[in-house]
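Below: one structure, written as structure tokens.
Residue numbers (the working numbering): 26 to 490.
Have a look at this one:
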């Protein structure tokens, strides 16, 4: 049996959290990056990855450049760059990839994504180099696997979209956030609806099987009605996926530095926003993600839909985020094995980001073979991660799969999960546990509740740069 903190204490903690706002912390993975710490001594990656199944890996390349810093953004990204600095960054990423390919040896990739930042902020020749690194340095078979790239309205040019499509990119994700220009402006973001709609039209014309549009609710000056206007504007472009993100105002972001307050309408927006999507044939995959089943291959963590005209050769590996590893290249990327998550250090402020980027560019080749910063997952943490990633998605927590993976029973390991049933947060059948509609809208609360005491203490003690 896994030794966890007192179940009764966890139950009382959950009851308290449920009575508060659902938007206390943004939970999308586990453990949170603010729980990472330096490794002493550094961990030798060839030994680490030898112990990992490397036949269905996720390859992620991080591009930390944007044309502007949005007021809500706490990502590792910079607007302070020029052609020379971008060239240095891409050359460093190439050096890192060469070392990691040697570390991995015989490995297969089931998925590939380029994120950031804004990857299409790169000049087209550097964007082509990134695709070449994935295919020819890392050995990812781009013709055979799902590939996702993040773009912005300003950088989704016809030339760059054509390049992406020619390299088999099948999913484009664009951060629109709002179709109401005054709301966009209030987030310190510059974009016009004319620009946004032109970019969306170009993406549709380029023939990407999956278009994802990101929208944010809870913005300064937003109302439920203007929120619904944005959703209906997005639906005009028939995206295969839509992500509805609640606004979280975080330290060191543009909005986090202001004293401005606005009405908290997030829960009302969430509830009202679901209706038009569900009525238009979208399925809710998680609190944030909605997918039109007949329209595209699906999310980054799901196998291609059998109904999509975009199919991949068989047999191609299928990535499972609960079980398979991730290789992250680039300064802000994270890498995952079963027992270790690692990355470079993290920052939000411009000074901290600049210092970390400079250190990355100056990294000698041999140091790319070591993990210097991250989190080691013991048996309990591995189980918590599995439970969290399963429960917060529509697939739910499957008891048989858990038993096969960990050789133990989830109800014995985490008896406090029963409290989800009594609070109407989840329903249970013979083989699985699924969140209810009420539970889905409290996903961030439930996710944070599943964090271990150790992770919570590390997060609380983290000093943000």
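Where is the CB? At the ideal position from N, CA and C, for every residue including glycine.
Every value quoted in this text rests on a predicted model; they were computed, and no experiment measured them.
Three-way DSSP call (helix, strand, coil) for residue i in this model
i           : result
residue 492 : What the structure shows of the chain is the stretch from 26 to 490, and residue 492 is not part of that stretch, so it cannot be assessed.
residue 47  : coil
residue 460 : strand
residue 70  : helix
residue 284 : For residue 284, the pLDDT reaches just 47, beneath the cut-off of 50, and the residue's location in the model is therefore unreliable, leaving the point undetermined.
residue 420 : coil
residue 144 : helix
residue 272 : coil
residue 481 : helix
residue 88  : strand
residue 235 : strand
residue 323 : Bear in mind that a pLDDT of 38 at residue 323, under 50, signals an unreliable position, so the number given afterwards is only what the model happens to contain. Three-state DSSP puts residue 323 in coil, outside helix and strand.
residue 64  : strand
residue 374 : coil
residue 57  : coil
residue 344 : coil
residue 39  : helix
residue 79  : coil
residue 474 : helix
residue 330 : Its pLDDT being 33, under 50, residue 330 is placed unreliably by the model, and the measurement read from it follows with that caveat. Note: residue 330 maps to coil in three-state DSSP.
residue 170 : coil
residue 437 : helix
residue 290 : coil
residue 367 : strand
residue 453 : strand
residue 354 : strand
residue 279 : The predicted position of residue 279 is uncertain, since its pLDDT is 42 and thus under 50; a value taken from the coordinates is nonetheless stated next. In the structure shown, residue 279 sits in coil (DSSP, three-state: anything other than H, G, I, E or B).
residue 467 : coil
residue 154 : helix
residue 335 : In this predicted model, residue 335 has a pLDDT of only 46, less than 50, meaning its place in the structure is not dependable; the value taken from the coordinates is given anyway. The answer is coil: DSSP assigns residue 335 none of H, G, I, E or B.
Buried or exposed (CB count within 10 angstroms, at least 16 for buried), residue i
i           : result
residue 121 : buried
residue 485 : exposed
residue 406 : buried
residue 441 : buried
residue 258 : buried
residue 61  : buried
residue 326 : Legend: pLDDT at residue 326 = 33, less than 50; position of this residue unreliable, value from coordinates given subsequently. The residue in question, residue 326, is buried, as its Cβ has 16 or more Cβ neighbours within 10 Å.
residue 469 : buried
residue 428 : exposed
residue 303 : exposed
residue 456 : exposed
residue 129 : buried
residue 444 : buried
residue 45  : exposed
residue 185 : buried
residue 347 : buried
residue 368 : buried
Whole-Å CB distance - residue i paired with residue j, under 8 Å assumed
i           : j           : result
residue 174 : residue 139 : 5 Å
residue 149 : residue 188 : 6 Å
residue 137 : residue 172 : 5 Å
residue 240 : residue 202 : 6 Å
residue 243 : residue 207 : Contact flag wrong, Cβ pair sits at about 15 Å.
residue 67  : residue 397 : 5 Å
residue 422 : residue 433 : With 8 Å as the limit, residue 422 and residue 433 do not qualify as a contact, their Cβ atoms being about 14 Å apart.
residue 86  : residue 355 : 5 Å
residue 261 : residue 235 : Residue 261 to residue 235, Cβ: 17 Å. No contact.
residue 84  : residue 163 : 6 Å
Minimum C-alpha distance to residue i - residue among the options
i           : options            : result
residue 228 : 40, 155, 435, 265  : 265
residue 467 : 58, 291, 214, 226  : 291
residue 199 : 482, 169, 233, 168 : 233
residue 12  : 168, 166, 177      : Shown here, the chain extends from 26 to 490; a query on residue 12 therefore has no answer.
residue 248 : 297, 237, 217, 231 : 297
residue 180 : 216, 348, 159, 362 : 216
residue 366 : 197, 488, 56       : 56
residue 78  : 452, 134, 449, 41  : 134
residue 221 : 192, 196, 255, 195 : 255
residue 64  : 451, 478, 401      : 401
residue 376 : 490, 166, 384      : 490
residue 364 : 343, 409, 301      : 409
residue 80  : 39, 51, 166, 54    : 166
residue 113 : 154, 46, 74, 83    : 154
(request) Scan the region 172-212 and note each continuous beta strand (DSSP E) run of 3 residues or more that stays entirely inside, going in chain order. (result) 172-176, 196-202
(request) Can you check the region 219-267 for any alpha helix (DSSP H) of at least 4 residues that lies completely inside it and give the ranges in chain order? (result) As far as the region 219-267 is concerned, its whole alpha helix (DSSP H) runs of at least 4 residues are 249-260.
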